[in-house]
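In what follows, a structure is listed as structure tokens, so that the remarks can point back to it.
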Amino acid sequence: MEVKINEAREHYRPAAARASLLYFIMNDLSKIHPMYQFSLKAFSIVFQKAVEKAAPDESLKERVTNLIDSITFSVYQYTTRGLFECDKLTYLAQLTFQILLMNGEVDVAELDFLLRSPGQTGITSPVGFLSHQAWGGIKALSSMEGFYNLDRDIEGSAKSWKKFVESECPEKEKFPQEWKNKTALQRLCMMRAMRPDRMTYAMRDFVEEKLGSQYVVGGAPDFATSFEESGPATPMFFILSPGVDPLKDVENQGKKLGYTFNNRNFHNVSLGQGQEIVAEAALDLAAKKGHWVILQNIHLVAKWLGTLEEKLAEYGENSHPELRVFISAEPAPSPEGHIIPQGILENSIKITNEPPTGMHANLHKALDNFTQDTLEMCSRETEFKSILFALCYFHGVVAERRKFGPQGWNRSYPFNTGDLTISVNVLYNFLEANTKVPYDDLRYLFGEIMYGGHITDDWDRRLCRTYLEEFIRPEMLEGELSLAPGFPLPGNLDYIGYHQYIDAELPPDSPYLYGLHPNAEIGFLTQTSEKLFRTVLELQPRDSHAGDGAGATREEKVKALLEEILERVTEEFNMPELLAKVEERTPYVVVTFQECERMNVLTREIRHSLRELDLGLKGELTMTSDMETLQNALYLDTVPEPWARRAYPSTAGLGVWFLDLLNRIKELEAWLGDLAMPSTVWLTGFFNPQSFLTAIMQSTARKNEWPLDQMALQCEVTKKNREDFRSPPREGAYIHGLFMEGARWDAQAGIITEAKLKDLTPPMPVMFIKAIPADKQDCRSVYPCPVYKTCQRGPTYVWTFNLKTKEKPSKWVLAGVALLLQT
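Residue numbers for the sequence shown follow UniProt numbering, so the first one is 1 and each next one is one higher.
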């Protein structure tokens, strides 16, 4: 008998192994966001229900397969309803890779390439349709088994590869020649090198092929389904997003089951100062009588959350079986600010409600805040309706522009429907009180106060103001205003007519609807996929060989990298010796010395921490948590936090970052040779580029005896590259190494012009920067262009250069045009 039981147990082992894998993947999600906490108890309930749901079968083998499928899909549904949209694909990718690894259906070296995307650096692409970076990836891939000769094949059959690489959705096309017969993972690796911007789509297709289409069709389970799983011990927890109110779902469900305010068995407490007592009274009453309680915005009462956690645990044990608790809270903006107790999160059913995406859904949703009565309430109906519709479009634009990252907005803002409805009230009052439409006043109130009240960045304020100048102006009443290319402001329609107009006339969603260039979408998709694979790489179990590449162990890899960095990082600059060499401390010499001192601090930390880790790995020192964190960073190709803190902003992985560091040291050595300015200066190479630009003004001010506070920098873009310069200018400096994002520079015409498709950050020619009296600045036909250190923009702002333009400057404001020191 016992033998039979053991045999049967062995048959079911794969189902248990799958369940264990699913639990550990789910448990790891808190590394992505601290809100993602799940308990083993809750998981067991999901597991039991999945076992009950699995289809029976005569064949034991089929029965086990059905069990595995049912468990996997149930856990997937349970987990994803509490994840933000942006994290769902990351979870799915991790789920798929771990299942394939467990089944031995994946080549570890290929998965490693996909997650890390290593590329040979300093390589020039021989074909026009692949960037140098993409070609670096192809070269790295071509040295792996299964991909030999890929590079030669692309060069030899450039025509068919060009057609494939440049197609709109290459993930739906077949690869050229015999490459189309490669495995799904091998095809992903090739796509990762050639078209990183399509990887989120390719990854969805991969999941569908491996796990089934039910994993990729959109749509969360409806509220009623999730509600069935709740109970006195299992509250429902809504993770809030800006502009979404999940309360309606709870109220509607309550009405169906007889729980309403009028029946006095439905309590709604909005938390804030002094409301804790009200909440506790409602909870105690509900636990006795079996009522429903909604606790809104519990993140506002951090000190009370421990009490709430205890109360909920108590009700789970002994309370009326009909008790239901619904909780809502906003997630903290950063993991450090996370305050919701683990006990509350683990035991509740977590649900995310996010606003609709896409301009189409957003414009309808904005209009849904009003009715036919709203449209008729103003005595100046035509003006009121036109401006109201333009405001709805503006509201949709500012909300949706978020998705383009820093090129959309420098920082993230919680614009919400309240901003829109209050703006419409202001509009009504102003139109009723004035004989003429006060366009300037309205734009000021909307752009600087209602919406502008959220905005903390000056460039974002300029963007907000520019949208309103484009959308709300006298021409709107003459039928001469377009809100986007191909989308004129509608005439005088009724409420239903406006909704129909959106359906009929709004062009398909594209960056053009926001005034951005299509490249903005390519950039945003590329960054999204980079983040996806980086996160999956960081989630790989430490002891697994996923991510170990060609068999080298984790420790060997780290040791090799550690030795290489120690060997190549130079000794510190000898400051006393340098100071002795100086005859006159000019502004430029002061800047150079400051830079050398900062570089010394950084290289000292690098050497010290690596030597310490080396001793730790040899067993001569006890490994500390700092050493382990450093080891992990080296393994994952990320810049260790203590180094980054002493360095300069950068978005690069460790390999690229370190090469860049060596270039910066080389640049400083060139300055120190004879303490003279190089013929052209690599502005990127400074820890603090502002101090160098200020030094240009200081040295001109001293020379001409001008007051420093009445000076400005003038920027002339030359037609030459750095190789064409032999000596620095007599005054000011030639600078190189800048890139333009959102547009490109036409060197022949000497103006900003439309970007070329897929060329996201074209390099700028050498620029001549000199200091002039501020009142001599020529501000006609120029676009004041912000300069940032990295594509993260925001706090990395450096300076503003006025660049010549024939088009209206507003075009470049909406397109998010900026100069970057690093791509």
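A virtual CB, placed ideally from N, CA and C, is assigned to each residue, including glycine. Since the structure is predicted, the reported quantities are computational estimates derived from the model, not experimental observations.
query: Beta-carbon separation of S386 and M476 under 8 Å?; result: yes
query: Out of curiosity, what's the CA-to-CA distance linking H11 and V64?; result: 8 Å
query: How big is the Cα-Cα spacing for H364 and T417?; result: 12 Å
query: According to the neighbour-count rule (16 or more other Cβ atoms, all chains shown, within 10 Å of its Cβ), is Y148 buried or exposed?; result: exposed
query: Could you check how far apart the C-beta atoms of L283 and F404 are, in whole angstroms? I think they sit under 8 Å.; result: Wrong, their Cβ atoms sit about 43 Å apart, outside the cutoff.
query: Does DSSP put D759 in a helix, a strand or coil?; result: coil
query: Note down the Cα distance separating P773 from M764, rounded to an integer number of angstroms.; result: 26 Å
query: Go ahead and label P541 buried or exposed: buried means 16 or more other beta carbons lie within 10 angstroms of its beta carbon, across all protein chains shown.; result: exposed
query: Less than 8 Å between the C-beta atoms of E741 and T761, yes or no?; result: yes
query: At 4 residues or longer, what runs of the alpha helix (DSSP H) sit wholly inside the region 165-249?; result: 184-194, 199-211 and 223-228
query: Look at L683 and I752 and say whether their C-beta atoms are less than 8 Å apart.; result: no
query: May I ask you to verify whether the region 254-267 touches the region 38-53, counting CB pairs closer than 8 Å and requiring at least 3?; result: no
query: Rounded to the nearest angstrom, how far is the Cβ of V106 from that of L22, given a contact under 8 Å?; result: Not quite, the Cβ-Cβ distance comes to about 17 Å (not below 8 Å), so this is no contact.
query: Taking Cβ positions, are E400 and Y514 nearer each other than 8 Å?; result: yes
query: Can you tell me whether L24 is buried or exposed? The criterion is at least 16 other CB atoms within 10 Å of its CB, across all chains shown.; result: The sequence given here places Phe at residue 24; Leu does not occur at that position. The residue is exposed, with fewer than 16 neighbouring Cβ atoms inside 10 Å.
query: Under DSSP, the beta strand (DSSP E) around V426 begins and ends at which residues?; result: Note, V426: premise wrong, no beta strand (DSSP E); alpha helix (DSSP H) at T417 to A433.
query: Please name the residue or residues paired with P729 in a DSSP beta bridge.; result: Note: P729 sits in no beta bridge, so no partner.
query: Helix, strand or coil, according to DSSP, for L489 in the structure here?; result: coil
query: Got a sec, what are the start and stop residues for the alpha helix (DSSP H) I25 sits in?; result: E2 to N27
query: Taking 7 Å as the limit between beta carbons, can you name the residues of its chain near I522, skipping five residues before and five after?; result: D197, K758 and L760
query: Hey, out of R664, S241, H291 and K806, whose CA is closest to R264's CA?; result: H291
query: Keeping to the same chain, check which residues put their C-beta closer than 8 Å to that of V244; ignore five residues upstream and five downstream.; result: N353, E354 and P355
query: Drop a sphere of 10 angstroms on the beta-carbon of A550, count the other beta-carbons inside from all chains shown, and report buried for 16 or more, exposed for fewer.; result: Any reading at A550 is ruled out, since the residue's pLDDT is 45, under 50, leaving its predicted position unreliable.
query: Tell me whether the beta-carbon of N297 lies closer than 8 Å to the beta-carbon of A332.; result: no
query: Compare the C-alpha of Q748 against each of T805, Q710 and G486 and name the closest.; result: T805
query: Can you grab the Cα-Cα spacing for the pair I138 / K557, in whole Å?; result: 22 Å
query: What did DSSP end up calling S379 once you bin it into helix, strand or coil?; result: coil
query: Taking a contact to mean a Cβ-Cβ separation below 8 Å, would you say S125 touches W135 in this structure?; result: yes
query: Select from R116, S39 and T96 the residue whose C-alpha is nearest the C-alpha of A652.; result: R116
query: In the structure shown, what three-state DSSP assignment does L819 receive?; result: strand
query: Taking the continuous beta strand (DSSP E) assigned at S328, which residues delimit it?; result: R324 to A329
query: Measuring straight from C-alpha to C-alpha, what distance separates R180 and K172?; result: Residue identity differs from the one stated: residue 180 is Lys in this sequence, not Arg. Going from the Cα of K180 to the Cα of K172 covers about 12 Å.
query: With 16 as the cutoff for other CB atoms within 10 Å, does L820 come out buried or exposed?; result: buried
query: Roughly how many angstroms lie between the CA atoms of S70 and N347, to the nearest whole one?; result: 22 Å
query: Nearest to I45 by alpha carbon, out of G479, T234, D441 and V817?; result: T234
query: By how many angstroms is the C-alpha of T200 removed from the C-alpha of L188?; result: 11 Å
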